[in-house]
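Student:
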Amino acid sequence: MAGMRIASCRAEFAVPDDVAYFNTASLGPLLHVVRDAGEEALRRRAAPWTISADDWFTDIETLRALVGRLVGDDADGVAFVPATSYGFAVAALNLPVPSGSRIMVLAGEYPSGVYTWRRHAAQFGAEVLTVGREPGQSWTDAVLAGLDERVAIVSVPQVYWTDGAWVDLG
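Counting in the working numbering, the sequence shown runs from 87 upward without gaps.
1) Looking at the structure shown, is Glu-195 part of a helix, part of a strand, or coil, going by DSSP?
2) Classify Ile-137: buried if its beta carbon has 16 or more other beta carbons within 10 angstroms, exposed otherwise.
3) Whose CA, out of Ala-139, Glu-235, Tyr-107, lies closest to the CA of Met-60?
4) Would you report the Cα separation of Asp-141 and Phe-166, rounded to the nearest angstrom?
5) To test your reading of the DSSP string, which unbroken beta strand (DSSP E) runs of 3 or more residues are found completely within the segment 173 to 251?
6) Note down the Cα distance separating Pro-168 from Phe-174, rounded to an integer number of angstroms.
7) Rounded to a whole number of angstroms, what is the C-alpha to C-alpha distance between Ala-207 and Gly-232?
8) To the nearest angstrom, how far is the alpha carbon of Arg-155 from that of Val-120?
9) Nearest-angstrom Cα distance between Asp-162 and Asp-145?
10) My understanding is that Val-253 touches Thr-216, with C-beta atoms under 8 Å, so please give their C-beta distance in whole angstroms.
11) From Asp-103 to Leu-128, what does the alpha carbon distance come to, in whole angstroms?
12) Quick one: grab the DSSP three-state call for Phe-143.
13) Can you tell me whether Ser-94 is buried or exposed? The criterion is at least 16 other CB atoms within 10 Å of its CB, across all chains shown.
14) Can you have a look at Val-105 and say buried or exposed, based on whether 16 or more other CB atoms are within 10 angstroms of its CB?
15) Our contact map puts Ser-185 next to Gly-222 with C-beta atoms below 8 Å; I'd like the distance itself, whole angstroms only.
16) In angstroms, rounded to a whole number, what distance separates the CA positions of Glu-98 and Leu-117?
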């Protein structure tokens with residue numbers, strides 16, 4: 087059954103049959119429909135006189151609603167930023183961290199968030215707690231072991247960026 091699902095999904099990408107590409111942390115192959123949408127957006131952008139004021143908002147609002155539905159929320163619970171570092175910066179500006187408290191991140195996590203939390207911790211007299219995992223230990227167990235009353239912010243991904251390991255945030 088799983089093999090059938092993989093085979094049926096493979097046709098959705100322009101990846102040759104003799105290629106197995108796994109380095110998708112920052113640059114993965116695009117679905118055909120995503121490529122087509124990007125090409126259409128470039129065609130629109132090439133003729134800016136055809137773009138109306140409503141066009142600036144319609145697509146993003148539609149996308150926010152779709153993502154909200156996907157994650158069981160509404161459009162108001164979804165925000166898009168041009169880079170993850172912007173998202174982390176917005177979160178840091180809106181999350182108080184008491185002096186002496188901790189901000190938890192995962193060892194080896196992608197730097198864009200870690201830099202933000204280091205700066206935030208330094209600004210408020212907090213510290214960054216970097217949680218690693220022991221051989222055979224899940225990231226979920228590592229996070230749970232690192233929690234204590236001093237942890238004010240937990241900034242961990244649901245999927246670890248280098249190996250796809252699941253972090254159960256439920």
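Just so you know, even glycine gets a beta-carbon here, dropped at the ideal spot from N, CA and C.
Tutor: Per the coordinate set shown:
1) One-based indexing of the sequence shown puts residue 195 at position 109. Glu-195: coil per DSSP, three-state reduction.
2) Looking up residue 137 in the sequence shown gives position 51. Looking at its Cβ environment, which holds fewer than 16 other Cβ atoms inside 10 Å, Ile-137 is exposed.
3) Shown here, the chain extends from 87 to 256; a query on residue 60 therefore has no answer.
4) Working through the sequence shown from its first residue, we reach residue 141 at position 55. Working through the sequence shown from its first residue, we reach residue 166 at position 80. One C-alpha to the other measures close to 16 Å.
5) 188 to 192, 213 to 217, 237 to 240
6) For the purposes of this step, residue 168 is identified with residue 82 of the sequence shown, where counting begins at 1. For the purposes of this step, residue 174 is identified with residue 88 of the sequence shown, where counting begins at 1. Roughly 11 Å between the two C-alpha positions.
7) On the sequence shown, residue 207 is found 121 positions in, with the first residue counted as 1. On the sequence shown, residue 232 is found 146 positions in, with the first residue counted as 1. In a straight line, the C-alpha of Ala-207 is about 17 Å away from that of Gly-232.
8) For the purposes of this step, residue 155 is taken as the residue at position 69 of the sequence shown. For the purposes of this step, residue 120 is taken as the residue at position 34 of the sequence shown. Taking the straight line joining both Cα atoms gives about 19 Å.
9) Numbered from its first residue, the sequence shown carries residue 162 at position 76. Numbered from its first residue, the sequence shown carries residue 145 at position 59. Rounded to whole angstroms, Asp-162 to Asp-145 spans 15 Å at the Cα level.
10) Working through the sequence shown from its first residue, we reach residue 253 at position 167. Working through the sequence shown from its first residue, we reach residue 216 at position 130. Going by Cβ atoms, the distance from Val-253 to Thr-216 rounds to 15 Å, so no, they are not a contact pair.
11) The count along the sequence shown starts at 1 and reaches residue 103 at position 17. The count along the sequence shown starts at 1 and reaches residue 128 at position 42. Between Asp-103 and Leu-128, the C-alpha separation is close to 28 Å.
12) Taking the first residue of the sequence shown as 1, we reach residue 143 at position 57. DSSP places Phe-143 in helix when its eight states are reduced to three.
13) Indexing the sequence shown from 1 puts residue 94 at position 8. With fewer than 16 other Cβ atoms within 10 Å, it is exposed.
14) By 1-based counting over the sequence shown, the position of residue 105 is 19. Result: exposed.
15) In the sequence shown, the residue the question calls residue 185 occupies position 99. In the sequence shown, the residue the question calls residue 222 occupies position 136. Ser-185 to Gly-222, Cβ: 36 Å. No contact.
16) For the purposes of this step, residue 98 is taken as the residue at position 12 of the sequence shown. For the purposes of this step, residue 117 is taken as the residue at position 31 of the sequence shown. Roughly 6 Å separates the two Cα atoms.
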